[in-house]
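Have a look at the structure below, then the notes.
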Amino acid sequence: KEKDLKLLTKRFKKPFLYNKNKKEIILCSIGDVIPKWIDKVNQDICLIYYGENKRTLDKLKKKCKYFISNKNFKMPNYLLAINKFNLITKYESFIFLDDDLVVEKRSFNECFKRLQIYGLDACQPSTSRPYSHEWDNIVLQDKRYYAKITNFIECNFMCLSSKVLKKMLPYWKYFLTGFGSDLIIHKFTNQIVVFHDISFFHPKRTKNNKSKILNKNKQVFKHEKINKYLFKRFSLDSHLFKEKIFYEIKNG
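So that you can map any letter, position 235 of the sequence shown is 625 in the numbering used here, and since no number is skipped, the others follow by simple counting.
As structure tokens, this is what we get:
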């Protein structure tokens with residue numbers, strides 16, 4: 391909405407103060423490769439381990455506040471953790487990210503901070519080049535800009551307010567890998583931003599860097615079934631969905 395867009399652009403010029411006492415948490419559905427960011431961040435961490443290695447399991451338990459071992463896909467794993475530990479009532483800001491991303495501590499800190507000071511509901515860092523996917527979209531880093539107000543962030547790294555997360559949770563049960571879940575965010579909020587001065591790297595999948603659970607169950611990509619649900623519930627077709635940029639804020 392034009393009114394909301396004007397209000398948001400004003401906040402970029404005059405942001406709220408950052409309250410460090412607000413509760414922030416990072417959730418990750420994780421396999422046997424332990425990302426480096428786990429030992430660097432200051433926020434609480436919730437790990438849902440989908441692997442089968444006892445040594446890895448024991449290591450991960452020591453690196454987080456909340457831990458579950460559950461062999462499933464990331465969206466069911468997120469839901470399990472949120473419900474089991476009642477996280478929605480304990481935290482005000484959430485980051486959900488894939489276990490194969492390379493992310494610097496600053497990207498976590500800035501996402502949480504900016505979500506709050508700009509009054510956002512959803513944001514993410516941009517994806518650095520070279521991008522691991524064959525398609526090019528609006529989350530790909532453009533260093534000419536500080537931020538872009540959009541209708542889309544990818545489900546591989548979502549920083550969400552508790553307010554919008556509460557609205558979205560009832561629908562997450564219909565998703566497995568996350569495909570489709572990122573297409574519905576704009577149905578619940580228009581306060582969505584991609585920040586281009588911060589980024590994460592999404593490496594290509596290799597034999598040493600892969601999600602075993604994806605390879606064991608090729609049925610996961612039931613895109614047409616998800617498409618039918620998206621169309622029925624939200625009048626959305628993933629094939630026709632258009633990513634939009636509503637406003638761009640240049641660096642400097």
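Just so you know, even glycine gets a beta-carbon here, dropped at the ideal spot from N, CA and C.
Restricting attention to beta strand (DSSP E) runs no shorter than 3 residues, the segment 457-528 encloses them at 483-488 and 512-517, ordered along the chain. Per DSSP, the unbroken alpha helix (DSSP H) holding Y619 starts and ends at H613 to F624. Looking at the backbone, the Cα of Q433 and that of T540 are separated by about 26 Å. The three-state reading of DSSP puts H586 in strand, counting E and B together.
Across the structure, L407 and I507 are spaced so that their CA atoms are roughly 6 Å apart. Restricting attention to beta strand (DSSP E) runs no shorter than 3 residues, the segment 393-451 encloses them at 414-420 and 434-439, ordered along the chain.
Per DSSP, the unbroken beta strand (DSSP E) holding L550 starts and ends at F547 to S551. Residue pairing for T540: DSSP places it in a beta bridge opposite I635.
In the structure shown, the three-state DSSP call for L530 is strand.
Below 8 Å, enough C-beta pairs join the segment 582-592 and the segment 480-491 to call them touching: three or more. Contact between K430 and K495 is confirmed by a C-beta separation of about 5 Å, below the 8 Å threshold. A direct Cα-to-Cα measurement between R445 and T399 gives close to 49 Å. With 16 or more other Cβ atoms from the protein chains shown falling within 10 Å of its own Cβ, V584 counts as buried. With 16 or more neighbouring CB atoms inside 10 Å of its own CB, N546 falls in the buried class. Only exposed fits D627, as fewer than 16 other CB atoms lie within 10 angstroms of its CB. CA-to-CA, the gap between L530 and A537 works out to about 12 Å. With contacts defined by Cβ atoms closer than 9 Å, I485 and I478 do not form a contacting pair. Secondary structure of Y564 (DSSP, three-state): coil.
If you draw a straight line from the Cα of N411 to the Cα of F457, it comes to about 23 Å.
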